[in-house]
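Going down the list, the sequences are from chains X and B.
Taking the numbering used here, the leading residue of the first sequence gets 1, the next gets one more, and so forth.
Taking the numbering used here, the leading residue of the second sequence gets 1001, the next gets one more, and so forth.
Where a beta carbon is used, it is the ideal one built from N, C-alpha and C, also for glycine.
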Amino acid sequence: MSLDTLLVVASGGLVLGAIYALMASGLAVVWTTLGIFNFAHGAFIALGAYLGWQLSHAEASGLGLLAGALGAVAAMFVIGVCFHYALVRPFERKANIVAASVITTLAGAAIIENGISLVWGPRSKQMPRLAEGDVALGPVVLSASDLVLLVTVAAILAGLGWFLGATRTGRSMRAVAQNREAAELMGLDVPRLYAVSFGLSAAMAGLAGLFVGSIRFMTPTMGADPLMKALIVVILGGVARFTSPIYAALIVGMVEAYSSYFLGLYWTPAVLFALMIAVLVLKPSGLFTSHQRTL
Amino acid sequence: MRYDPPFHRSNGLVPALIALAALILFPLVFEASYLRHLMILAFVFAVVAASWDLSLGYGGLFNFAHVALFAVGIYSYGILAKTLGLNPWLAILLAGPIAMLFAAAVALPVLRLDGIFVILVTLAFSQLLFQIVISQSDITGGTSGMVTLPALSLGGYRFTKDGRIGYYYAALVLLVLAIAFLWRVTRSRFGRGIVAMRDAKYYAISRGAPEGGTRLVTLCASALFTGIAGGFYGSYVRVASPDIFGLGPLTLILSMLLVGGAGTIWGPVLAAFVVTALSEAMADLGFWREILMALLIIVVMVFYPGGLWALVQEAREAAAVALAGLRARRRRAAQKAAREARMGAPERMVETRHGLIAVAAAGPDEGAADGPPILLIHGNSACKEAFLHQFAAFRARRQVIAFDLPGHGVSENGDPEKSYNIPAYADVAEDVLAALGAKGPFVLGWSLGGYVALELTARDPAAYAGLAITGASPLNVVPEDFARGYDASSHVVLAGRQFFTPAERSRFAGSATAPLSEASAFMHANIDRTDGRARFYMLTKLSVVDWPRQMRMLREGTIPFAVLNGSNDPFLNHGYIAGLNYGAIWTGAPRDIEDGKHAPFFNRPEAFNEVFHAFMADASRARA
């Protein structure tokens, strides 16, 4: 086994990790601010991919990749906000919000997935690749598409970090995540911030969907597998800071890439889930949680 | 979501037995094998959903690996019965303990987790099982699953024959056993521990309920019949497919649980039938079916979180309320008829300044009366029917009127501050007279009613033909004269007491009217109906009465006046009454009814009516 092989596997893991990081960050935004787990996140991924395809693909609207991506992300933000008002808002401040939102987001996911089948049909589709050609970085040869993906994800995550750390809205969201009552007393419009969090999360899921659609085939249930991976990532990393799911995503991407290579495709999820259960039993708040929860 | 409607009138056994009988008869009526197929599926899902209710609804544990436990049952049936060639019945039974083992494995990581983490771990656990199942394709058949599992048969009779009637009854037995098991568990001491752990965890722990142990046993108990149902399901559809691990089956069974109402057992069972039927009815709609089912779940969760079972309970409550209303209406009508029969007079409600007042009035035809009307005012905690003998004696010749004071008899309760005092009662009497158009009546007041009569006539003595009081001492200075006018006895204390003990009640009734007998039973019953505040407020508001005005009227003799007390009245101080200064009292002194008690008109009606009639005749002659 050569170093080159390990590096190629690592580059594959890096790409996976980047996508997982994007999804897990979106999931973590909702989890930390609203305290609920959004089971429709996987459906958001699928919907974002299909919307992107619809807007950008030559067979449909044909607006081009960039316009399609921007349109899909904007549409996903709006859909996320609507989703919040329809499915989560009614249970706010109720004791059973966790269970109730689990079932309503599951139902919402069912609506989206079957709606996609209704609109676009069950035949699988594929996004165009983000870029053509290969780029050699030292001994590793990355496809230009992967490189674009990595750069975009890095930029988006950096942008998210800037948004949460430096803008007034982002800081308000973190404040609500830390202490809802105090944030309300300070005059923050908590319901609006919840809606923004949900919209932001959905927009990030939509973008992740575009990337997933460019490396795999698109089906209405394409989000289920990434959702499970994002779930593992969020649990492994914890949600103490917005960076912790990112590290965890890279670890999960690497573990997945290497275990697929060495143990075989079927064993990979089992390894990941076993890892996740072990972490949950030993350290339920995640691996990277020396700090208090601050998003 | 936690809706625990109480069983007010039954423990639900009778409705459950009726439903069971209907289910037993169902396949005999509907022979279509497809209908039976749907019912079998509903039975199995009902078992799974109701078992899930034990951990999710009662325990508040969001065990999302529950459907995976069902899948464990299916696969263990497949492996035991097909691969290992075990007897299918034994394999089904073993599927339960195997699922319990897996439940224990789920429980271990979640023993100390809370809320959302429980959801995530259990979901991850079921995904882990799923991955193991599809990776071990030589044992489990991988992604294509296991097919042609052995079917059930008993003594050579194959259960698939005769339109699956064997499977139908086997599934029904399974459902009954599962419900009985869950019922026993939730009603046991341990079951209360499960609920306590959900509702007040730290209190339950401090009372000695082990948190980890409770969770472990809860999950295992909910797995038992889930696994057996899985085994049965495997023997019925004869396929073990990894699809059962997906979000679809999870959503389906969770929707049964939540649409039915979590924490009720019966709710999920009911919803299993409803959801199965609904989803079958929409089978032709394709993707729309899933969308509509999802919308149904959302609508129920948002607008009716109690679920179907809450609906059933509310319908039941509404029916009980309607039935009670019907019974009350019939009872009221019957009692009104009884009162009217007793008085021989129709009863009507009159609107007054102090609410609706029940009035009984009887008399000869218009113009046939040979004297002024008679107004009868009853005493404390009594009712207008106390005067039934006066109605019988005088109704042929004069108009006789009696009414229930506010808070007494069938009159409305009044506002305690405004309506429960002597001037207010006099207002009511004025309003009653005005409503009946009765002018210049004789007024007979008994006890409290005596004071009402004094107050009423003192307002305008010329407007009344005469005044008679019985069982009452006219007072000048209150409360000092109270002590003089009455013998010191517990009666005075009881007269102003809001609540009576049963002993006080019968003592008060016995001395105020007559000892309990068939004839006086209705007077005794009236004490309970009387608004206790009427006693309390009347006595504490004695000082609002213009007492000297009454005495002035008696001194000046501006109205024909008679005192008709019982000679044996246990309360009155006859000496005080005789010593008062009366301007013009009938026969020159108070007239005692021989052997009369506090209510001489009731105990000695003939003697009383004779004297009263004589007084009215003399008074009318004097006025003329």
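Using a CB distance below 9 angstroms, the part of the segment 1132–1163 of chain B facing chain X consists of I1132, I1134, S1135, Q1136, S1137 and G1142, ordered along the chain. In the three-state scheme derived from DSSP, where H, G and I count as helix and E and B as strand, K1201 (chain B) is classed as helix. With at least 16 other beta carbons inside 10 angstroms of its own, I1469 (chain B) counts as buried. The C-beta of W267 (chain X) comes closer than 7 angstroms to at least one C-beta of chain B. Residues of chain X whose Cβ lies closer than 7 angstroms to the Cβ of V1302 (chain B) are, in chain order, P90.
One thing to note: V73 (chain X) has its Cβ within 7 angstroms of the Cβ of L207 (chain X).
CA-to-CA, the gap between Q1390 (chain B) and N1609 (chain B) works out to about 7 angstroms. In terms of beta-carbon proximity, E1290 (chain B) lines the interface with chain X, with at least one pair separated by less than 7 angstroms.
Considering only beta carbons, the part of the segment 1294–1323 of chain B lying closer than 9 angstroms to chain X consists of A1294, L1295, L1296, I1297, I1298, M1301, V1302, F1303 and P1305, in chain order.
CA-to-CA, the gap between P1548 (chain B) and N1476 (chain B) works out to about 5 angstroms. Of all residues in the segment 156–173 of chain X, none places a beta-carbon less than 9 angstroms from a beta-carbon of chain B. Interface criterion met: the Cβ of P1109 (chain B) is under 7 angstroms from a Cβ in chain X. The secondary-structure analysis by DSSP pairs W1446 (chain B) across a beta bridge with B:T1470. V98 (chain X) and F37 (chain X) have their C-alpha atoms some 8 angstroms from each other. Annotation: the continuous alpha helix (DSSP H) that includes N1609 (chain B) extends over P1605 to R1623. Counting every other CB atom within 10 Å of its CB across the protein chains shown gives V1147 (chain B) a total below 16, marking it as exposed. Three or more beta-carbon pairs drawn from the segment 1073–1081 of chain B and the segment 1225–1245 of chain B are found closer than 8 angstroms, and the two stretches are therefore classed as touching. Here the alpha carbons of F1303 (chain B) and V190 (chain X) stand approximately 23 angstroms from one another. Around the beta carbon of K94 (chain X), fewer than 16 other beta carbons lie within 10 angstroms, which makes this residue exposed.
Excluding five sequence positions before and after A1042 (chain B), the CB atoms of its chain that fall closer than 7 angstroms to its own CB belong to A1272, F1273 and T1276, given in chain order.
For F1522 (chain B), the enclosing alpha helix (DSSP H) has its first and last residue at A1521 to R1529.
Just measuring C-alpha positions, the residue of B:S1520, B:P1305 and B:D1481 sitting nearest G1579 (chain B) is B:D1481. As the crow flies, the alpha-carbon of V1410 (chain B) is around 11 angstroms from that of E1385 (chain B). Bridge partners of V141 (chain X) according to DSSP: X:A136.
Taking one beta carbon from each stretch, the segment 259–269 of chain X and the segment 207–224 of chain X have fewer than 3 pairs nearer than 8 angstroms; the two do not touch. R1591 (chain B): member of the beta strand (DSSP E) spanning R1591 to I1593, first to last residue. When B:A1396, B:D1370, B:T1352 and B:A1368 are compared, the shortest CA-CA separation from L1433 (chain B) is found for B:T1352.
Going by DSSP, N1063 (chain B) is part of no alpha helix (DSSP H) at all; its letter is neither H nor E.
Remark: C-beta atoms of A1221 (chain B) and L1129 (chain B) do not approach each other more closely than 7 angstroms. The DSSP-derived three-state label of G1583 (chain B) is coil.
The alpha-carbon separation between A144 (chain X) and R216 (chain X) amounts to approximately 16 angstroms. For the 7 angstroms CB-CB criterion, A1124 (chain B) and M173 (chain X) do not form a contact. Residue state for T1264 (chain B) is assigned as coil, using DSSP reduced to three classes.
For V271 (chain X), there is no enclosing beta strand (DSSP E); the enclosing alpha helix (DSSP H) has its first and last residue at W267 to L282. CA-CA distance, A1151 (chain B) to N1087 (chain B), rounds to 10 angstroms.
In the same chain as L65 (chain X), and ignoring 5 residues on each side of it, the C-beta atoms closer than 6 angstroms to its own belong to S56, in chain order.
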